[in-house]
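Undergrad: Note that numbering that gives the first Met the number 0 has the sequence shown beginning at 0, numbered continuously upward. All C-beta atoms, glycine included, are put in the ideal place defined by N, C-alpha and C. These numbers were taken from a predicted model, which means no experiment stands behind them.
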Amino acid sequence: MTANSRCSAAEPPGLETQRREIESLLRECELRAGDSWYVVERRWYEQWKEFVETGDQNSSSFPGQIDNTELFEDLDSYHLKERLVENEDFMLVPAEAWHKLLAWYGMADGQPPLERKVVDLPSTLKVEVYPVEIFLCLHSNMDNVITSQFSRADSIHSIQRAMCDAFSVPPGSECRLWMKSSDNSCERLRNVHMSVLDACLSSGMTVIMETRNADGTWPSSRPQIMRNSVEEQDSYRGQPGVCGLTNLGNTCFMNSALQCLSNTPPLTEYFLLSSYLEELNFTNPLGMKGEIAEAYADVIKQMWSGRHYSVVPRVFKTKVGHFASQFLGYQQHDSQELLSFLLDGLHEDLNRVKNKEYIELRDADGRPDQEVAEEAWRNHRRRNDSVIVDTFHGLFKSTLVCPECHKVSVTFDPFCYLSVPLPVSKERVMEVFFVSLDPYAKPAQHRVVVPKAGKVSELCSALSEMTGVPPTQMVVADVFNHRFYKIYNADESLSCILDRDDIFVYELSVPEEQQEEQVLLALYLRERSHYRDYGSGSSSYGTTLFGHPLLLSVPRSSCSREALYNLFLQRLARYVRPPDPSEELEEEEEEDDDEEELYKTQTNGVSDDEEQEDVEKAGPSQTEPSCSDASANSQSDDTAAAEPHPNLNHTQSSLDHDEETNNGSESQTEPLCSADSNAATDNGDDPCENSSGTGELGSEQPQQPRDTTEEEKEEDKQEEACSPSPPANEQPAKRKACRKRRKSLFTIQAVNSNGTTERGTGEGGSAVSFTSQPYVAIDWDPEMKKRFYNENEAEKYVKHASMEVPQQQTTVQLQECIELFTTVETLEEENPWYCPVCKKHQLATKKLDLWSLPEVLIIHLKRFSYTKFTREKLDSIVDFPLRDLDFSGCLLRKSLSNGEPPSRYDLIAVSNHYGGLRDGHYTSYACNKDNGQWYYFDDSKVTYAREDQIVTNAAYVLFYHRQDKIRKPTLPAPSTSPANDITSCKDDDTELGTASYVTMETD
């Protein structure tokens, strides 16, 4: 019956019945929030009471139609007068009583019924006589404002419906509302199920409605979209879903995860159909008030609008950082960790369970697996019910066995993804240079296989099998920038040696007399600068390290300068030419008295016989490919400079002596393949690479991933490499003397481990100090070095046959990883299990078995291996199928009942990681659900991909879709050849970053 209808033909009941029914309703009806009550003008109500009390149908007190005219300010707007008082100006009747009165008496023509809601105000329930009066307008036309009244108990959704009707918004349009306060500030009315009262809407405020654009953006916050030109902003039409994501700065991990989820059909269709709007959970304390779900929906709708080359996910990144502080800023992160957070956040934001009940978990206690599994899944769904659970959650069985009492605990736990381990090799391949005792033998590069958890002695043993040299006659050292970064003891762990360290193994001589003490002497080569350091006020010269250092075993009694001079000449004979007798080395030179004393025990040059003998030994220099001044250092200056390092303290810093560091200079112009530039370039090619059997030291060292320990090590090395070397001679200028003597090829100087000069000399006339590991340097005058030192020959090395054996790339089957996931393991000490029988924590054995699988199965390959001592990335190729991945052999439940889904899956997306532990780059492969074509997503750049490109050693997270749920593509595959065609661009120029919408950021 309409509001202004007259009474029906049916006669109303008797007056006494009317009075009894209405009074009964007024007496018994209580105020309940949300109920409707009606306003009736008091005089009419009093007249009706008088009429029914007379009992005379023909009484002159007949009230006639319900007439509220006295309550209105005017009969045009039907606005209530201000400050009307209940029981004086009007009466309130419940809805049931109102409908009876209306049916019996009808209502005055044109008057609206004055329906009012019961609102739950703080500490009281009250009929809201005066509702909230709100101004309504559209974002696209804010001049067209209408006024409407809403109860404080009305939902925001009712305001949205009223606005859609008032402004003729097309049905199906996605809308959102903003609340504009009197101070012109705007706030999103995010929860449409919230009441006007809870949303703090009051009279005089404005509600603005906007509808989503066709390209997925909102008019109020249209993000920066990457375009080729302004003209194309509305003309571009591409394949929906084939859209890049701009790298905001180290956000490739996020882009890779988003592209994989974007190409997960059930989840994407759920958002594209706006199904999420009805399921947003704004009250879940574990959720993000619906903000993560809305931000994700915005990204998906933009990517699948088909109107963008690339989208900037800045708002989404901000929301993620707001709710997960670990993703704040612009550091590199793990795509799987972001994926885990995002799936959990979407689940809680879209959880259909508004009030989670407490459920006590029960152990199996011998019950059948089927019964326990069904109970566990029911309990899980009672607290967790969302599109994420529907799509990604499966169930596995966990079996724990106590090692003492053999108590078996069986539970069934849900999972969102499988983190499967990769088989880890217990061995590693190391490349080292072996330096023989034979002075004329070039260093030989060997490739040896050693245990990962082995010791340095095992490296020596493995090398001994190739060289025939006993391990006890070997010493292992890390060479960096012409000096020893570390000399290893035999019992040190190999885990502290990184793959890209330049490891030299030196053969030591066997002492002739066993009882004589041997000294391990470290020898550096230094070149004096041409000019004195006049700025320091002394007569000293700066020095620069060059060449490769040596380790020698010397009897302690043979450490005089004269003995060492001859020994060094002998050991350097391959590339140091002794002076010819015809060459005049005698010269008159100024010397300090102290320097004159320094040479008193030293032979002035070498004898003619010795010279002739050395020349015969040396023979003609062989012509072999070489890099001048090459080093075994594989770390380039460019690489080091690109990574800022914090200051780290060194055990023995080259800056220990402040007054010395000002005297010397290490700077010099290096050739192209010098010690600091001879390193692996970005693409892995060595500028000095030599494919023949001989080459230059350090030219074959590849750059490998590194971890934190490695970073610290590289920082140490780089800091040392940049340290200036103090002068060779520190004695102040004294009385000069003129002498004529035979000049030495070089002078011997005691130094520290950095190659900087130490004060004073050794003990008892010795050239070295024995208080710690002795280091000495031979200092060359530039002219003498040029004449007698053959740099090309010094840098040559040979390759052992082991280097020619190609290294096999390790390949494992995905099935092996899954089997490894389900093998029995013993719990770690940090994570024991409390046995209810033993009443204490036990290191129980644990076994996981797959029970049921979800529609979309995410498999995380655990490439990053972390232990107490080592951290590494496993670069094994995991061979995973693109189609027909069959889990029937892995499922614990062998017999499927009717209606149970099959267990065959097809690949739909892959998240890739290139690089090492602390750096790298993420990309993704994904199959478009509409046309079935595979694409390669590299931030804002999208290219076609072939199926044979997808399986690589970079695959990190795999997405599989169960075959019974896969929908056939609705569009034909693109006809364009998928070789290298860039779908997000118009021409090849964009690969070089010339188009305005392509941003080639590198992490």
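How many Å lie between S559 and A749 at the Cα?
TA: Here residue 559 refers to the residue found at position 560 of the sequence shown. Here residue 749 refers to the residue found at position 750 of the sequence shown. Distance between the alpha carbons of S559 and A749: 12 angstroms.
Undergrad: Okay, do the region 258-274 and the region 904-919 touch, 3+ Cβ pairs below 8 angstroms being the bar?
TA: Result yes; three or more Cβ-Cβ pairs closer than 8 angstroms.
Undergrad: In this structure, how does DSSP classify Y865 when only helix, strand and coil are distinguished?
TA: For the purposes of this step, residue 865 is taken as the residue at position 866 of the sequence shown. The answer is strand: DSSP assigns Y865 an E or B state.
Undergrad: Which full runs of the alpha helix (DSSP H) of 4+ residues lie inside the region 415-484, going along the chain?
TA: Listed in chain order, the complete alpha helix (DSSP H) runs (minimum 4 residues) inside the region 415-484 are 455-466.
Undergrad: What is the rounded straight-line gap between the Cα of E127 and the Cα of M162?
TA: In the sequence shown, counting from the first residue as 1, residue 127 sits at position 128. In the sequence shown, counting from the first residue as 1, residue 162 sits at position 163. Their Cα atoms are separated by approximately 22 angstroms.
Undergrad: Nearest by alpha-carbon distance to E356: which of N283, T16, R966 is it?
TA: Position 357 of the sequence shown, counting from 1, holds the residue named residue 356. Here the closest residue by C-alpha is N283.
Undergrad: Please name the residue in S201, G914, L544 whose C-alpha comes closest to that of V775.
TA: Locating residue 775 in the sequence shown gives position 776, counting from the first residue. Nearest C-alpha to V775: L544.
Undergrad: Using CA atoms only, rank isn't needed, just tell me which of S385, V386, A363 is closest to A375.
TA: Residue numbering aside, residue 375 sits at position 376 when the sequence shown is read from its first letter. Measuring from the Cα of A375, the nearest candidate turns out to be A363.
Undergrad: Which first and last residues belong to the alpha helix (DSSP H) in which L14 is found?
TA: Counting from 1 along the sequence shown, the entry for residue 14 is found at position 15. Per DSSP, L14 belongs to the alpha helix (DSSP H) from 14-27.
Undergrad: CB-CB under 7 angstroms to S408, same chain, minus the five flanking residues each way: which ones, in chain order?
TA: Residue mapping note: residue 408 aligns to position 409 of the sequence shown, counting from 1. Taken in chain order, the residues that qualify are D362, L399.
Undergrad: On the criterion of 16 or more Cβ atoms from any shown chain inside 10 Å, does H78 qualify as buried, or is it exposed?
TA: As a first step, residue 78 is located in the sequence shown; it is residue number 79 there, counting from the start. Classification for H78: exposed.
Undergrad: Using a threshold of 7 angstroms, state whether the C-beta atoms of I291 and H346 are closer than that.
TA: One-based indexing of the sequence shown puts residue 291 at position 292. One-based indexing of the sequence shown puts residue 346 at position 347. For I291 and H346, no; Cβs fall outside 7 angstroms.
Undergrad: So what does DSSP say about S177, is it helix, strand or coil?
TA: In the sequence shown, residue 177 corresponds to position 178, counting from 1. Sequence inspection shows Trp at residue 177; the Ser mentioned does not correspond to that position. If DSSP states are grouped into helix, strand and coil, W177 belongs with the strands.
Undergrad: Got a sec? Which residues, its chain only, sit under 6 angstroms from E49 by beta carbon, not counting five neighbours each side?
TA: Residue numbering aside, residue 49 sits at position 50 when the sequence shown is read from its first letter. Correct list, in chain order: S60.
Undergrad: Do H920 and C401 count as a contact pair if the criterion is CB distance below 7 angstroms?
TA: The residue you call residue 401 lines up with position 402 of the sequence shown. The residue you call residue 920 lines up with position 921 of the sequence shown. In this structure, H920 does not lie closer than 7 angstroms to C401 by Cβ.
Undergrad: Provide the residue span of the beta strand (DSSP E) that contains F89, from first to last.
TA: Here the question's residue 89 lines up with position 90 in the sequence shown. First-last of the beta strand (DSSP E) with F89: 89-93.
Undergrad: Assuming contact is defined by CB atoms lying nearer than 7 angstroms, are G243 and S939 in contact in what I supplied?
TA: Against the sequence shown, residue 243 aligns to sequence position 244. Against the sequence shown, residue 939 aligns to sequence position 940. Yes, these two residues count as a Cβ contact at 7 angstroms.
Undergrad: Figure out for me which residue from V419, L394, E403, V195 has the closest Cα to the Cα of T410.
TA: In the sequence shown, residue 410 corresponds to position 411, counting from 1. Considering only alpha carbons, the answer is L394.
Undergrad: Pick from N246, E293, R527: whose alpha carbon is nearest that of Y269?
TA: Numbered from its first residue, the sequence shown carries residue 269 at position 270. Here the closest residue by C-alpha is E293.
Undergrad: Rounded to a whole number of angstroms, what is the C-alpha to C-alpha distance between I857 and H307?
TA: As a position in the sequence shown, residue 857 is number 858, starting the count at 1. As a position in the sequence shown, residue 307 is number 308, starting the count at 1. Answer to the nearest angstrom: the Cα atoms are 28 angstroms apart.
Undergrad: Quick check: is any heavy atom of the ligand FMN less than 6 angstroms from the C-beta of L257?
TA: With respect to the ligand FMN, the structure offers nothing, as it holds no ligand at all.
Undergrad: Within the same chain, show all residues whose beta-carbon is closer than 7 angstroms to that of S274, passing over the 5 residues directly before and after it, in chain order.
TA: Position 275 of the sequence shown, counted from the start, is the residue given in the question as residue 274. Excluding sequence neighbours, S274 sits near nothing in its chain.
Undergrad: Is the separation between the beta-carbon of D780 and that of R527 shorter than 7 angstroms?
TA: What you label residue 780 is simply residue 781 of the sequence shown in a count that begins at 1. What you label residue 527 is simply residue 528 of the sequence shown in a count that begins at 1. Yes, Cβ-Cβ distance for D780 and R527 is below 7 angstroms.
Undergrad: How many Å lie between H392 and L819 at the Cα?
TA: Locating residue 392 in the sequence shown gives position 393, where the first residue counts as 1. Locating residue 819 in the sequence shown gives position 820, where the first residue counts as 1. Rounded to the nearest angstrom, the two C-alpha atoms are 21 angstroms apart.
Undergrad: Start and end of the alpha helix (DSSP H) containing D343?
TA: Residue numbering aside, residue 343 sits at position 344 when the sequence shown is read from its first letter. It spans 334-348 - the alpha helix (DSSP H) in which D343 sits, taken as one unbroken run.
Undergrad: I think R446 touches E430, with their Cβ atoms under 8 angstroms apart; what is that distance to the nearest whole Å?
TA: For the purposes of this step, residue 446 is identified with residue 447 of the sequence shown, where counting begins at 1. For the purposes of this step, residue 430 is identified with residue 431 of the sequence shown, where counting begins at 1. That pair is a contact at about 5 angstroms.
Undergrad: My output table needs one value for F936: the three-state DSSP class, helix, strand or coil.
TA: As a working mapping, residue 936 is identified with position 937 in the sequence shown. Three-state result, F936: strand.
Undergrad: Give the DSSP-derived three-state secondary structure of A641 in the structure shown.
TA: What you label residue 641 is simply residue 642 of the sequence shown in a count that begins at 1. Interpretation of A641 is limited by its pLDDT of 37, a score under 50 that renders its predicted location unreliable; the figure taken from the coordinates is listed afterwards. Helix at A641.
Undergrad: Tell me the DSSP secondary structure of Q46 in three-state form.
TA: Here residue 46 is taken as the residue at index 47 of the sequence shown, counted from 1. Three-state result, Q46: helix.
Undergrad: Sort M141, D477, F567 by Cα distance to K485 and report the nearest one.
TA: If you number the sequence shown from 1, residue 485 lands on position 486. Answer by Cα proximity: D477.
Undergrad: Under three-state DSSP, which class holds P264?
TA: Locating residue 264 in the sequence shown gives position 265, counting from the first residue. Of the three classes helix, strand and coil, the one that applies to P264 here is helix, per DSSP.
Undergrad: Closer than 6 angstroms by C-beta to E609: which residues in its own chain qualify, once you throw out the five before and the five after it? Chain order, please.
TA: Mapped onto the sequence shown, residue 609 falls at position 610. Below a pLDDT of 50, predicted positions are generally treated as unreliable, and E609, at 40, falls in that range; the measurement from the model is reported next regardless. For E609, where only same-chain residues beyond five positions count, there are no Cβ hits under 6 angstroms.
Undergrad: Going by DSSP, what residue range makes up the alpha helix (DSSP H) through V386?
TA: For the purposes of this step, residue 386 is taken as residue 387 along the sequence shown, with counting starting at 1. Counting along the chain, the alpha helix (DSSP H) containing V386 begins and ends at 386-391.
Undergrad: Can you have a look at C816 and say buried or exposed, based on whether 16 or more other CB atoms are within 10 angstroms of its CB?
TA: Here residue 816 corresponds to residue number 817 of the sequence shown, with the count starting at 1. Classification for C816: buried.
Undergrad: Return the CA-CA distance between Y955 and T942, expressed in angstroms with no decimal places.
TA: Reading the sequence shown from its first residue, position 956 is the one you call residue 955. Reading the sequence shown from its first residue, position 943 is the one you call residue 942. C-alpha separation (whole angstroms): 20 angstroms.
Undergrad: With distances taken Cα to Cα, identify the nearest neighbour of N249 among I145, L327, K454.
TA: On the sequence shown, residue 249 is found 250 positions in, with the first residue counted as 1. Minimum Cα distance to N249 is reached at L327.
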